[in-house]
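Peer 1: Per full-length UniProt numbering, residue 1 is the first one in the sequence shown, and the count goes up by one each step.
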Amino acid sequence: MANEEDDPIIQEIDVFLARSLLEKLYLFQYPIRPASMTYDDVTHLSAKIKPKQQKVELEMAIDTLNPNYCRSKGEQIALNVDGTCTDETSTYSSKLMDKQTFCSSQAASNVSRYAAAVYKKGELHLTPLHGILQLRPSFTYLDKADAKHREREAANEGGDSSQDEAEDDVKQITVRFSRPETEQARQRRVQSYEFLQKRQAEEHWVHLHYYGLKDSRSEHERQYLFSQGHGLAENTELIKSPSEYLMMLMPPSVEEENDKPMAPSNVLSMAQLRTLPLADQIKILMKNVKVMPFANLMSLLGSGTDPTAVLRCVQQVALLVQGNWVVKSDVLYPKDTSSPHSGVPAEVLCRGRDFVMWKFTQDRWVVRKEVAAVTKLCPEDVKDFLEHMSVARINKGWEFMLPYDEDFVKKHPDIVQRQQMLWMGIQAKLEKVYNLLKEHLTPKKQEAQSAHPLLVSGEQRVNMAKAKVKQNYGQLEKEFQKQKAEMKSNDASAKTDVPNIRIKEEPVSVEEPMDTSAHSEGLNNGLVNGLHLAQGSPDPVNGHLPGGCMDRVAQELKAFVSSTFKKQFVLTLSELKRLFNLHLASLPPGHTLFSGISDKMLQDMVLDTGCKQILVPFPPQTAASPDELKVYALWEAGDTYDQHRQVLLEIFSKNYRVRRNVIQNQLSQECGEDLNKQEVDRVLKVSFCSLW
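Below is the structure:
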């Protein structure tokens, strides 16, 4: 206890299990890098993988301009590997060792205990790793250098020999046929090292495309590291009560379990219930109570419980009948169980109980004999079904236990509609199993009651209301005809006044035609940037939003545009709209940006944030869309490449296709620096990372 007081709990963090990248996520462990090599977006030249072997091969560039790089050794290694001639098969085309190859090996055979964790907004998201690969330098170029050396020595020895040497004498060849391979010999051959090496060499390499850290595709893939559904069934593996977690850490011995007295299985205090996850609490309550209104369920779960989470969980264990929740049959009768009365399997019991529940969705009354005749089950099983959800009335049948919950139906129409669809599917299944007739599908009319009925059913009240409406129909018809006559007289008087009205005609300007393209598009498809306007969002008036809402929308839009162009300095309008749609998809419902952002608002905001439109002279016959021809660039980002980027943008504003040597010469003249090929590539990669 003293140790617990000295080390109090500071914060509790929710843990979620993300499954989107299950069996796809690998951890690469790079070696300690030398001073002349950096693991950034530019240095990754190529990558390939053998999926079955989980073998990866990466090719990375070496910074040959680094002062720690020995240029003479790099030239010597390139000469030993490729020789004096350079062609397409050369390993080092620049006659300098300017790249290094890394091959992977498995760091651990069992990686089920490892996961990648992402912490965001007080939540910890875990994704299990499929493999951990250690990357080590590959020295295959040394083998190639040795092979070149042996070839040169063989050529020198061959040149010294006499060319007039007589041909070798004809030798006799003995042909041998191999014996049939036995099963033991085949197993030894399959398990041999040579055979395994051959099998591994036969697997083809799959070439990969590397995306940098700031690339939009990388950002999109990183979203899969977060759990897509909080609180759903996919996260139940991480939900453990304190007692269960303690039991996993310190399992009791067999002797302690034998000595522990057995408690009744149906006894569970509310204090113990509150320690369980929400889904388990709802399942236990519904299994014990059988039928419950939603308001009562919320009161049992305690204050502070989210109603949305309760609705999500209760639909997994219960069905909606007359506005109340009734526990599902498969919860009461799990698989591989049977009836205690007749020994009927659980599947048949669930089918019969579903029929009783469906009958109560059609009427408040159910006759026991009718249920027994349709389901062909014993009377005891049918009685159990009816006692779960109804009350017996003398000489009338079984009435549903609870009154119709109108409040829940009015507050949650979406839940009611979803449950109706489920019942339609259950009804179709019951029709096939029981061959139901029309008399079973349509609710029976209530028989005439005695002069003084003890109880008035809901259907009787509806019939009484219909009769009252018929009595008042004549009076209502007279009032309607009177109102119709008054409307006709008003229309006639309005038409007589029309000739007295003169409309002033003004000439329409030919020089300034009215642009209706944006409005016509909105009327035709109701889309803005490819997304439907969210329901409940502020309605635009004449294309403009209310003042306060417009300010909030402008602030959110400006923040998105600024952050996007700081990551990717050059973007087409098409790519910007795609990133904006991804951003909208990550926002919660009802966000201010769902009020409708037009293309013009997006382009105006891009120009307001310090970006410029680059008028690239694309050829007239290009197949690109108009949005792909609009190019925007951040003119000043505040980094060391601002001047280089501005020179590049001016170059591409004059021609859409430029040779590398022209770019290199222009950069050297404008910036006063003598840039080599690798430095030009680095500038192009950093400046145009989204278009590279």
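All C-beta atoms in this analysis are idealised placements derived from N, C-alpha and C, irrespective of residue type, glycine included.
State yes or no: is the beta carbon of Q483 nearer than 7 Å to at least one beta carbon in chain D?
Peer 2: Judged by its chain identifiers, the structure shown contains no chain D, having just a single protein chain.
Peer 1: Between the Cα of G397 and those of E628, V366 and E679, spot the shortest distance and give me the residue it belongs to.
Peer 2: Taking the first residue of the sequence shown as 1, we reach residue 397 at position 397. When only C-alpha atoms are compared, the closest one is V366.
Peer 1: Hey, out of Q54, D98 and Q621, whose CA is closest to S72's CA?
Peer 2: Along the sequence shown, one-based indexing puts residue 72 at 72. Taking the Cα of S72 as reference, the smallest distance to any Cα among Q54, D98 and Q621 is reached at D98.
Peer 1: Taking the alpha-carbon positions, what's the A154 to Y641 distance?
Peer 2: The count along the sequence shown starts at 1 and reaches residue 154 at position 154. The count along the sequence shown starts at 1 and reaches residue 641 at position 641. Their backbone Cα atoms lie some 52 Å apart in a straight line.
Peer 1: Taking C-alpha atoms, which residue in V391, D7 and K577 lies nearest to F632?
Peer 2: The residue you call residue 632 lines up with position 632 of the sequence shown. As written in the sequence, residue 632 is Tyr, which differs from the Phe given in the question. Nearest option by C-alpha distance: K577.
Peer 1: Residues in the same chain with beta-carbon distance under 8 Å from P619, minus the five sequence neighbours each way, listed in chain order, please.
Peer 2: Against the sequence shown, residue 619 aligns to sequence position 619. Same-chain partners within the cutoff: Y656.
Peer 1: For the alpha helix (DSSP H) that contains Y434, what are its first and last residues?
Peer 2: As a first step, residue 434 must be located in the sequence shown, where it is residue number 434. Where Y434 is concerned, the enclosing alpha helix (DSSP H) stretches over P413 to Y434.
Peer 1: For F28, collect the residues of the same chain with a Cβ closer than 7 Å to its Cβ; drop the 5 residues on either side in sequence, then sort them by chain order.
Peer 2: Within the sequence shown, numbered from 1, the residue matching residue 28 stands at position 28. L133 and L135.
Peer 1: Near C671, which residues of its chain fall below 8 Å by C-beta distance, leaving aside the five closest residues on each side in sequence?
Peer 2: Along the sequence shown, one-based indexing puts residue 671 at 671. Cβ neighbours of C671 beyond the five flanking positions: Q643, H644 and V647.
Peer 1: Residues in the same chain with beta-carbon distance under 7 Å from V616, minus the five sequence neighbours each way, listed in chain order, please.
Peer 2: Locating residue 616 in the sequence shown gives position 616, where the first residue counts as 1. V631, F652, S653 and Y656.
Peer 1: Which full runs of the beta strand (DSSP E) of 3+ residues lie inside the segment 570–630, going along the chain?
Peer 2: 570–572 and 611–614
Peer 1: With 16 as the cutoff for other CB atoms within 10 Å, does M286 come out buried or exposed?
Peer 2: Mapped onto the sequence shown, residue 286 falls at position 286. Answer is buried; the Cβ neighbour count reaches 16.
Peer 1: For T101, which beta-bridge partners are listed by DSSP?
Peer 2: As a working note, residue 101 is residue 101 in the sequence shown. Bridge partners of T101: E59.
Peer 1: What are the boundary residues of the alpha helix (DSSP H) that R368 is part of?
Peer 2: Translated into positions along the sequence shown, residue 368 becomes position 368. Element bounds for R368: R368 to T375.
Peer 1: Look at G352 and L319 and say whether their C-beta atoms are less than 7 Å apart.
Peer 2: As a position in the sequence shown, residue 352 is number 352, starting the count at 1. As a position in the sequence shown, residue 319 is number 319, starting the count at 1. Not a contact, by the Cβ cut-off of 7 Å.
Peer 1: Mind the definition here: the segment 50–59 touches the segment 75–91 only if three or more C-beta pairs lie below 8 Å; say whether that holds.
Peer 2: Short answer: they don't touch.
Peer 1: Please identify the residue among E575, L79 and S227 whose C-alpha is closest to the C-alpha of D599.
Peer 2: Counting from one through the sequence shown, the residue named residue 599 turns up at place 599. Among E575, L79 and S227, the Cα nearest to that of D599 is on E575.
Peer 1: Note the first and the last residue of the continuous beta strand (DSSP E) segment covering Y26.
Peer 2: Position 26 of the sequence shown, counting from 1, holds the residue named residue 26. Y26 to Q29 is the extent of the beta strand (DSSP E) around Y26.
Peer 1: Whose C-alpha, out of I415, L582, T127 and D604, is nearest the C-alpha of F226?
Peer 2: Along the sequence shown, read from residue 1 onward, the residue named residue 226 stands at position 226. Ranking the options by Cα distance to F226, first place goes to T127.
Peer 1: Can you tell me which of L246, I10, A372 and M601 puts its alpha carbon nearest to the alpha carbon of G122?
Peer 2: In the sequence shown, residue 122 corresponds to position 122, counting from 1. Taking only the C-alpha atoms, the option nearest G122 is I10.
Peer 1: Return the chain-ordered list of same chain residues with a C-beta closer than 7 Å to the C-beta of K52, the five sequence neighbours on each side being excluded.
Peer 2: Here residue 52 refers to the residue found at position 52 of the sequence shown. Once the five neighbours on either side are set aside, the close Cβ partners of K52 are E203.
Peer 1: Do F294 and F408 come within 7 Å of each other at the CB atom, strictly closer than that value?
Peer 2: To locate residue 408, count along the sequence shown from 1; it is residue 408. To locate residue 294, count along the sequence shown from 1; it is residue 294. With contacts defined as CB atoms closer than 7 Å, F408 and F294 qualify as a contacting pair.
Peer 1: Of all the options T140, V662, D604 and K359, which has the alpha carbon lying nearest to the alpha carbon of W423?
Peer 2: For the purposes of this step, residue 423 is identified with residue 423 of the sequence shown, where counting begins at 1. For W423, the nearest C-alpha among the options comes from K359.
Peer 1: For F385 and A271, I'd like the C-alpha separation in whole angstroms.
Peer 2: Residue mapping note: residue 385 aligns to position 385 of the sequence shown, counting from 1. Residue mapping note: residue 271 aligns to position 271 of the sequence shown, counting from 1. Spanning the two alpha carbons is a distance of roughly 30 Å.
Peer 1: Out of Q106, V321 and V81, point me to the one whose CA is closest to K148's CA.
Peer 2: Counting from 1 along the sequence shown, the entry for residue 148 is found at position 148. The residue with the shortest Cα to Cα distance from K148 is V81.
Peer 1: Would L276 pass as a contact of S241 if the rule is Cβ separation under 7 Å?
Peer 2: Taking the first residue of the sequence shown as 1, we reach residue 276 at position 276. Taking the first residue of the sequence shown as 1, we reach residue 241 at position 241. For L276 and S241, yes; Cβs fall inside 7 Å.
Peer 1: According to DSSP, simplified to helix, strand and coil, what is E256?
Peer 2: Translated into the one-based positions of the sequence shown, residue 256 becomes position 256. Any reading at E256 is ruled out, since the residue's pLDDT is 46, under 50, leaving its predicted position unreliable.
Peer 1: On a Cα-Cα basis, can you pick out the residue from T84, G131 and W205 that is closest to R152?
Peer 2: Residue mapping note: residue 152 aligns to position 152 of the sequence shown, counting from 1. The residue among T84, G131 and W205 with its C-alpha nearest the C-alpha of R152 is T84.
Peer 1: To test your reading of the DSSP string, which unbroken alpha helix (DSSP H) runs of 4 or more residues are found completely within the segment 347–410?
Peer 2: 368–375 and 379–389
Peer 1: Is P242 helix, strand or coil when you go by DSSP?
Peer 2: Locating residue 242 in the sequence shown gives position 242, where the first residue counts as 1. P242: helix per DSSP, three-state reduction.
Peer 1: Can at least three beta-carbon pairs, one atom from the segment 314–331 and one from the segment 413–433, be found at a separation below 8 Å?
Peer 2: With the cut-off at 8 Å, the segment 314–331 and the segment 413–433 touch.
Peer 1: Count the other C-beta atoms from every protein chain shown that fall within 10 angstroms of the C-beta of N661, then say buried if there are 16 or more, exposed otherwise.
Peer 2: Here residue 661 corresponds to residue number 661 of the sequence shown, with the count starting at 1. Per the 10 Å Cβ criterion, exposed.
Peer 1: Among D14, Y114 and I614, which one has its Cα closest to the Cα of T572?
Peer 2: Position 572 of the sequence shown, counted from the first residue, corresponds to residue 572. That would be I614, whose Cα lies nearest to the Cα of T572.
Peer 1: Could you check the C-alpha separation between N296 and V326 for me, to the nearest Å?
Peer 2: As a working note, residue 296 is residue 296 in the sequence shown. As a working note, residue 326 is residue 326 in the sequence shown. Counting only the Cα atoms, V326 lies some 13 Å from N296.
Peer 1: Are the Cβ atoms of V561 and T592 separated by less than 7 Å?
Peer 2: For the purposes of this step, residue 561 is taken as residue 561 along the sequence shown, with counting starting at 1. For the purposes of this step, residue 592 is taken as residue 592 along the sequence shown, with counting starting at 1. T592 is positioned such that its CB atom lies no closer than 7 Å to that of V561.
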